[in-house]
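The next block holds one structure in the form of structure tokens; read it before the comments.
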Amino acid sequence: MTAVEPPEQLARMLPTQEIKEKVTIAGAMLGEVEMMRLEPLDRAEVPKLREVMILGWPYLIPLIGLSVMLVLHYSPTLVAVAASCRSWPSSAPGPASS
């Protein structure tokens with residue numbers, strides 16, 4: 008097997024010393040945790056499906072749009088780009104709007 012990429016580009020594919028140190032520290036921190044306890048919510052804390060659908064229906068719009076694009080045989084790459092563009096303004100860094 009031969010690599011046709013320039014050596015500089017291949018070197019960027021390997022983690023830097025800083026990243027290695029961060030991963031080592033995070034691994035040590037996780038190793039100290041004996042057990043992560045996830046406990047179920049009380050029935051009173053679980054939101055009702057109707058409330059969730061009333062507040063969360065806008066999240067279905069992009070999902071439906073992407074599904075329709077796939078059914079209409081758009082390429083998965085185009086669908087992924089459309090999904091990225093659709094979510095870009097809401098996830099763009101910047102000052103918080105009031």
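According to our numbering, the sequence shown holds residues 8 to 105 in order.
Just so you know, even glycine gets a beta-carbon here, dropped at the ideal spot from N, CA and C.
Nonlocal neighbours in the same chain, by C-beta distance under 6 Å from Arg19, ignoring five residues either side: There are no such residues.
As assigned by DSSP and simplified to three states, the class of Arg57: Taken through DSSP and simplified to helix, strand or coil, Arg57 comes out as helix.
Below 7 Å between beta carbons: does that hold for Leu77 and Val86? Yes; because the gap between Cβ atoms is below 7 Å, this pair is in contact.
I need the DSSP call for Met20, collapsed to helix, strand or coil. Here Met20 sits in coil by DSSP.
Cα-Cα separation between Pro13 and Leu21, rounded to whole angstroms: Between Pro13 and Leu21, the C-alpha separation is close to 14 Å.
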